[in-house]
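Student: Please see the structure below; I have some questions.
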Amino acid sequence: MDLLEFARGPALQWAAYILVAGTIWRIFGIVLLKEKADFSEPRARGGLGAALKVIYTRSFTANPFKKATLYPKMLAYVQHLGLFAVVLLFVPHIMFFEGFLGFSWPGLPNSVIYVLGVAAVAASIALLVRRLTSPVLKLISNFDDYFSWFVTVLPLVTGLLIPVRPGFIRYEDLLAIHILSVAVLMVWFPFGKLGHAFLVFITRGTTGMVFERRGAKT
Amino acid sequence: MKRTPTVGEILQAKGVSRRGFLKYCATTASILALPPTMIPRIAEAIESARRPSVIWLSFQECTGCTESLTRSATPTVEGLIFDAISLDYHHTLQAAAGDQAEAARHAAMEENNGDYLVLVDGSIPLANPGFSTIAGISNVDMLRETVAGAKAVVAIGSCAAFGGIPGADPNPTGAVAVSELVTDKPVMNVPGCPPIPIVMTAVLAHFLTFGELPALDKHGRPLAFYGTTIHDRCYRRPFYEQGRFAETFDDEGAKAGWCLYKLGCKGPITYNACATTKWNSGTSFPIEAGHPCLGCSEPDFWDKGGFYEPLSTGNFDSGAKLAGAAAVGAALGAVAATAGRRRQAKYTKEG
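Encoded structure:
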């Protein structure tokens, strides 16, 4: 078994098991917790509508903070939209998902993906520089922040190197390293701060429901 | 005593013009990535060389490699060059059989001890030597006996180079590659199912010119032919970059000649010269004929997932086991939540 076979086979297989088990573990562990008793008189029902509203409205910065957070917010948008396009709209990736989902969707031309991928890497680097240079951010950052950044950027970089074909490494070895870096990302995904990708909807939704019930403006 | 004719004399006798011969030498230098100054040296070496003795051993194989070589468009110069070697033993092509054939092999080994080349096609069964025998001699014994006095060994085709189809899972005969048994002689792999004819003759031309094997890659293949991937040299590559793919073998994309990646093409991980030298006198190669590359010149190509599965598809059985992983996750989550509820109750009581 060569490196590529290992990456495409057992590595990806076990990473997928850990990703699925870890994600459901985290979600169940939170959802099944006992709800805190609410002794205030409900001002509104605080149903699904309230949850969906906050999931949407919290995607944008509140007016008083707009100017102060414009730079990191723009970087975060470029990073997240770039990642979304690279992961879900690159044709070979769509074929990977089709392999186990059984259906596919239209992709973007490779050249567009390369541009978005480079933009996502550049935005990630800018965000890291900001984290390292801002005293407050530096103070509240821990291993999780830096490792999550690393495992997110690594597949982007290794993936973008594949079409470049650097002379020091063979195509199939680079492809194997790319897939292995994705496997590392999948394993870390549910347990670190990258878990926000699925927890964000639960936390925003819960906040929306609680706030509406208490009559707070959302 | 009868004088052995040189290769040059043989080519002349067969009507090959000086211009045609030099053209072949220039082509050989070019495909071996040698500088133009090497052309006269190649010409001189091939012209003056005595017919090198070659013993061709065929083990667990389908004869496709021999077919490839003999069905190369004739009469090409490279075909005649191959005629001009002294092919002293090849049990598919030779007229002799049985004891006479074995006597020819032994005679060639004795007369050219230390100088002859051994070409092998087919893998060697080790599970039971009786699985494949020639004149009552097992393949492994014949290989060991023959390579003892050889100058170098060339494994022709993917079976001899890597075990090939006989070595595919579950490998019932315990088939192994030549390089696993021959460790004390230079071994070069010329894989492919079958290999390209000019690759076989060009490496022999290199051997005649320099007296040694050309530069090899990590799989023992000549870098001149196996240095770049099919994908890198494929004329359909622009369609890959544009995201234009044939979805089926008869859709509009296939008719328009778009990239075959989605139909399982293994070109991106396959190192071979098909896309440049092509087949049938430079007519075409499999991708040009509308079929994805199978990756036949790579080790264990038969066991690397489905031929028609895209390369980016993971090689894992997802459904039931992923559902099992989800169930494990749910159970762990329930346990974590129960522990959390206990802590919540404790704090509420204390609070």
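So the sequences go chain by chain: A and B. Using our numbering, the letters of the first sequence map in sequence onto residues 1 to 218. Using our numbering, the letters of the second sequence map in sequence onto residues 1001 to 1351. Virtual Cβ for every residue (Gly too), placed ideally from N, Cα, C.
1. Who are the Cβ neighbours of Met1/A in its own chain at under 6 Å, not counting the five residues just before and after it?
2. Could you tell me which residues DSSP pairs with Val118/A in its beta bridges?
3. Find the residues of chain A that neighbour Ile992/B, judging by a C-beta separation of less than 8 Å, and give them in chain order.
4. Would you say Asp1251/B lies against chain A (beta-carbon separation less than 8 Å)?
5. From Pro1222/B to Thr1229/B, what does the alpha carbon distance come to, in whole angstroms?
6. Give the interface partners of Lys1346/B over in chain A, defined as CB-CB distance under 7 Å, in chain order.
7. Would you identify the three-state DSSP class for Thr1074/B, choosing helix, strand or coil?
8. Cβ of Thr1283/B less than 8 Å from any chain A Cβ?
9. Would DSSP call Asn110/A helix, strand or coil?
10. Rank Cys1296/B, Pro1268/B, Asn1128/B by C-alpha distance to the C-alpha of Ile1156/B and give the top, closest one.
11. Indicate the three-state DSSP secondary structure (helix, strand or coil) for Leu1358/B in the structure shown.
12. According to DSSP, is Phe1210/B helix, strand or coil?
13. Is the distance from the Cβ of Ala120/A to the Cβ of Gly82/A below 8 Å?
14. Hey, out of Thr23/A, Arg45/A, Trp149/A, Arg131/A, whose CA is closest to Leu199/A's CA?
15. Assign Ser1053/B to one of two classes, buried (16 or more other C-beta atoms within 10 Å of its C-beta) or exposed (fewer than that).
16. Would Thr1139/B be called buried (16 or more neighbouring beta carbons within 10 Å of its own) or exposed?
17. Which residues mark the beginning and the end of the alpha helix (DSSP H) in which Ile18/A is found?
18. Starting from the beta carbon of Phe1245/B, find every residue of chain A whose beta carbon is closer than 8 Å, and list them in chain order.
19. According to the Cβ coordinates, are Val164/A and Ser124/A closer than 8 Å?
20. Using a C-beta cutoff of 8 Å, does Pro1191/B count as contacting chain A?
21. Under 8 Å, do Gly1020/B and Glu1061/B count as touching if we go by C-beta distance?
22. Distance, Cα to Cα, Glu1067/B vs Tyr1271/B?
23. I'd like to know whether the C-beta atoms of Phe96/A and Thr1313/B end up nearer to each other than 8 Å.
24. Could you check the C-alpha separation between Gly208/A and Ser59/A for me, to the nearest Å?
25. Does the CB of Val20/A have a neighbour CB from chain B at under 8 Å?
26. Per the DSSP calculation, Phe1245/B is bridged to which residue(s)?
27. Please report the distance separating the alpha-carbon of Gly192/A from that of Ala1326/B.
28. Should the segment 1327–1345 of chain B be regarded as contacting the segment 1269–1285 of chain B, the criterion being three or more beta carbon pairs within less than 8 Å?
29. Can you list, in chain order, the residues of its chain with a C-beta nearer than 8 Å to that of Gln79/A? Leave out the 5 residues immediately preceding and following it.
30. Going along chain B in order, which residues have a C-beta closer than 8 Å to the C-beta of Ser111/A?
31. For Pro106/A, which option in Ile94/A, Val112/A, Val115/A has the closest C-alpha, if you only look at C-alpha atoms?
32. If we count the other Cβ atoms within 10 Å of its Cβ and call it buried at 16 or more, is Ser1158/B buried or exposed?
33. Answer with yes or no whether the minimum CB distance from Ser1312/B to chain A is below 8 Å.
34. With the cut-off set at 8 Å, would you say Gly159/A and His178/A are in Cβ contact?
35. Could you tell me which whole alpha helix (DSSP H) segments of length 4 or greater appear in the segment 127–204 of chain A?
36. Any Cβ of chain B within less than 8 Å of the Cβ of Leu32/A?
Tutor: In terms of the structure at hand:
1. none
2. Looking at the DSSP assignment, Val118/A forms no beta bridge with any residue, so it has no partner.
3. Only positions 1001 to 1351 of chain B appear in this structure, which leaves residue 992/B out of reach.
4. no
5. 13 Å
6. None at all; the shortest Cβ gap to chain A is about 12 Å.
7. Its pLDDT being 47, under 50, Thr1074/B is placed unreliably by the model, and the measurement read from it follows with that caveat. Three-state result, Thr1074/B: coil.
8. no
9. helix
10. Cys1296/B
11. Because chain B here runs from 1001 to 1351, residue 1358/B falls outside it and cannot be looked at.
12. helix
13. yes
14. Thr23/A
15. buried
16. Before going further, note that residue 1139/B is Asn rather than Thr in the sequence given. Label assigned to Asn1139/B: buried.
17. 12–31
18. Val91
19. no
20. no
21. no
22. 22 Å
23. yes
24. 13 Å
25. yes
26. Cys1259/B
27. 19 Å
28. no
29. Ala120, Ala123, Ser124, Leu127
30. Glu1241, Gln1242
31. Ile94/A
32. buried
33. yes
34. yes
35. 135–140, 143–164, 171–188
36. yes
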